[in-house]
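Residue numbers (the UniProt record's numbering): 1 to 487. Just so it is clear, CB atoms sit at the ideal spot from N, CA and C, and this is done for glycine as well.
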Amino acid sequence: MENEDGGGRENRRKSLRQSKNSGVVVGGSVSPRRNSRNRTTSPEDEATGMAKRLSKQPATEKDGCDEIAKRLPERLFATDRFPSERVNMYSTVDFLLWVRDVLRGTPEMELLLGSCFGGLFRIPALRLFAGKVVHSMMTRQVVTKKKYEMWPVFGGKPLRFSLVEFGEVTGLPCGEFEDGYSFDYQLQAKDDNYEFWGRLIGRNRNATVEDLMAMVESDPQMSGEKKLKLCLIVIVDGVLVATLQKPKPTLKYVKLLENLDEFFDFPWGRESFMWTLSTLKPPPKVFGKLEDPLGVFCQKLRQQTVKTVGFPLALQLVAFRCVPRLASFVGGDDSVTIMDYPEKAMPLHAGLSVAHIRKAEHDPLLIVEPMLEISGDHDDRWGLWDDETYDKKVDYMVQLLKNGHIFVKENWLGGDALDPLFVYEEKPKTPKRKKNLAAEPEPIRKQRIVLIANNISQAVKRLQQKQLRQSKKQYPKIQPNYRGKSA
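So, in structure tokens, the structure goes:
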């Protein structure tokens with residue numbers, strides 16, 4: 001009887017194990033498993049789930065790195081194969097210094113500092129020195145479907161350049177455009193559209209920004225309001241929306257100046273960002289016209305100079321904000337803003353060099369803040385876009401960032417590999433030692449001793465001659481008296 005009970009229990013346990021393999025035990029009974037293929041998940045949920053699972057794996061494990069790399073955006077240039085040319089920025093920060101000097105101490109300057117453009121004059125001057133940062137960030141970006149984001153990867157760590165970051169570092173308004181507005185539209189050259197132009201600038205419809213500056217400097221009787229409006233055109237067309245090597249006033253911006261309140265309320269941050277981003281990342285593919293936009297853009301970045309429009313130094317400001325190691329190479333005093341900078345122009349090529357970029361990138365303690373948060377009070381749609389393109393690879397990358405994943409270079413695949421591989425080597429610092437004369441060959445040592453002896457002998461002679469001249473001045477020779485003796 002006991003054997004039968006034991007055999008029965010054993011059979012029941014086997015049956016239960018088999019049931020568990022094919023279903024789920026619920027309250028002593030077995031319910032069939034749900035078919036996972038019948039469950040529907042959104043792309044965002046799928047990316048989030050995968051990111052959470054993989055972010056728990058150590059980044060140094062090859063399998064984990066390979067799995068992550070397959071789901072991340074690919075590089076524009078392969079890792080450590082970046083060209084190192086320079087950018088030709090049409091934007092000129094010197095125009096801000098000129099406006100500061102022209103309006104300093106006037107009510108118009110106070111109005112300007114209190115407007116949406118005031119933040120430009122509070123930017124640390126040293127962070128606006130042009131160097132290799134902008135070009136380096138362009139070559140280190142990954143390729144995405146995003147229309148309004150750029151993602152450089154610095155030292156294996158991604159950072160975002162979007163309208164949010166642009167607004168945070170410039171202080172410019174980044175609200176929505178008016179319905180139907182396009183940043184690249186231009187007013188037709190009709191007499192009606194030039195009516196206010198004629199009153200503000202004159203008959204010359206081909207005037208340049210430098211012509212406006214000359215008007216302000218040559219007319220001491222010019223009203224403060226007119227001077228301010230001309231200075232605003234200098235800021236917009238010369239710094240923020242610079243699209244020409246020799247900038248000219250834009251008709252639609254001049255027309256907008258007819259009402260100063262409307263001019264200050266315009267979302268200049270969004271306008272400037274659109275122009276800026278247009279030359280910082282690869283253009284979209286156009287069938288029949290531009291079949292290989294990535295190849296064309298890579299070739300462009302290998303040219304001796306790369307043309308950029310808008311305000312590309314905003315990308316440099318974001319890099320300094322997100323990568324403290326880069327900012328540490330700037331040095332100087334960050335409290336010296338555009339308003340306090342003592343010079344009338346920025347020095348040429350005084351920014352960070354390629355060596356600075358590489359040293360920061362290979363720092364084992366490198367820290368990169370991937371995204372900036374919106375600060376201050378803004379409209380609900382500040383920094384956002386209605387027509388942004390979804391990219392599951394970018395969404396996956398963002399989920400990894402939120403889950404605390406530590407990115408490494410091995411996470412990033414692909415990219416143009418035509419440039420030579422750069423291998424970073426830290427040069428050890430060796431203290432300078434005094435030369436050991438005893439270790440030198442006999443002839444060289446004798447020559448060196450003779451030379452030192454001659455130098456000492458000449459020095460002694462010069463010292464003796466100097467002392468003799470001083471003694472003659474101090475004790476002049478007494479002239480004899482040749483007159484006859486007294487009687």
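With 16 other CB atoms within 10 Å as the buried threshold, where does residue i fall?
i    : result
P88  : Residue identity differs from the one stated: residue 88 is Asn in this sequence, not Pro. N88 should be labelled exposed.
Y424 : exposed
Y341 : buried
Y390 : exposed
D416 : buried
F177 : exposed
A319 : buried
V99  : buried
V239 : buried
H349 : exposed
S136 : buried
Q467 : exposed
K146 : buried
L463 : exposed
L400 : buried
P364 : exposed
F287 : exposed
M397 : buried
M150 : buried
I357 : buried
One question on the structure: do residue i and residue j come within less than 8 Å of each other, judged by their Cβ atoms?
i    : j    : result
K252 : Q186 : yes
Y181 : L163 : no
T144 : V394 : yes
G155 : H362 : yes
V142 : C231 : no
C298 : L76  : yes
A314 : V209 : no
G167 : R381 : no
D419 : R81  : yes
S457 : K132 : no
R325 : L366 : yes
D265 : P249 : no
I235 : F422 : no
L413 : W268 : no
V323 : P124 : no
L200 : V254 : yes
L228 : L111 : yes
T106 : G224 : yes
E85  : T243 : no
T79  : K409 : yes
A69  : N403 : no
F121 : M346 : no
For a test of the three-state rule: what should DSSP assign to residue i, helix, strand or coil?
i           : result
D292        : coil
N259        : coil
P107        : helix
K157        : strand
Q221        : coil
Q467        : helix
N403        : coil
N38         : Note that N38 scores a pLDDT of 45, beneath 50, so its modelled location is shaky and nothing firm can be said.
N21         : The predicted model places N21 with a pLDDT of 45, which falls under 50 and marks its position as unreliable, so this point remains unresolved.
A350        : coil
R75         : strand
V423        : coil
A242        : strand
V142        : strand
V286        : strand
S29         : Unreliable positioning characterises S29 in this predicted model, as indicated by a pLDDT of 38, which lies under 50. A coordinate reading is not provided.
E410        : helix
M150        : strand
residue 525 : Given that the chain is displayed from residue 1 to residue 487, the structure contains no residue 525 and the question cannot be resolved.
H356        : helix
What span of residues does the beta strand (DSSP E) with residue i cover, start to end?
i           : result
T308        : T305 to T308
residue 514 : Since the first and last residues shown for the chain are 1 and 487, residue 514 lies out of range.
Go to residue i, then tell me how far its alpha helix (DSSP H) extends in each direction, as first and last residue.
i    : result
T170 : L163 to T170
T337 : Unbroken run through T337: none, as it is neither H nor E.
M137 : V133 to T139
W268 : W268 to L277
L317 : L313 to C322
R302 : That residue, R302, is in no alpha helix (DSSP H); it is neither H nor E in DSSP.
F121 : No alpha helix (DSSP H) contains F121, which DSSP labels as neither H nor E.
L418 : Premise fails: L418 is in no alpha helix (DSSP H) and is neither H nor E.
R199 : E195 to L200
Measure from the C-beta of residue i to each C-beta in chain B and report whether the shortest distance is under 8 Å.
i    : result
Q399 : The structure shown contains no chain B, having only a single protein chain.
Does the structure place the region 83–101 close enough to the region 295–311 that three or more beta carbon pairs sit under 8 Å?
yes
So, do the region 124–133 and the region 271–280 have three or more beta carbon pairs nearer to each other than 8 Å?
Contact fails: fewer than three Cβ-Cβ distances are below 8 Å.
How do the region 364–380 and the region 114–121 stand: do at least 3 beta-carbon pairs fall below 8 Å, yes or no?
The answer is no - the region 114–121 does not touch the region 364–380, with fewer than three Cβ pairs under 8 Å.
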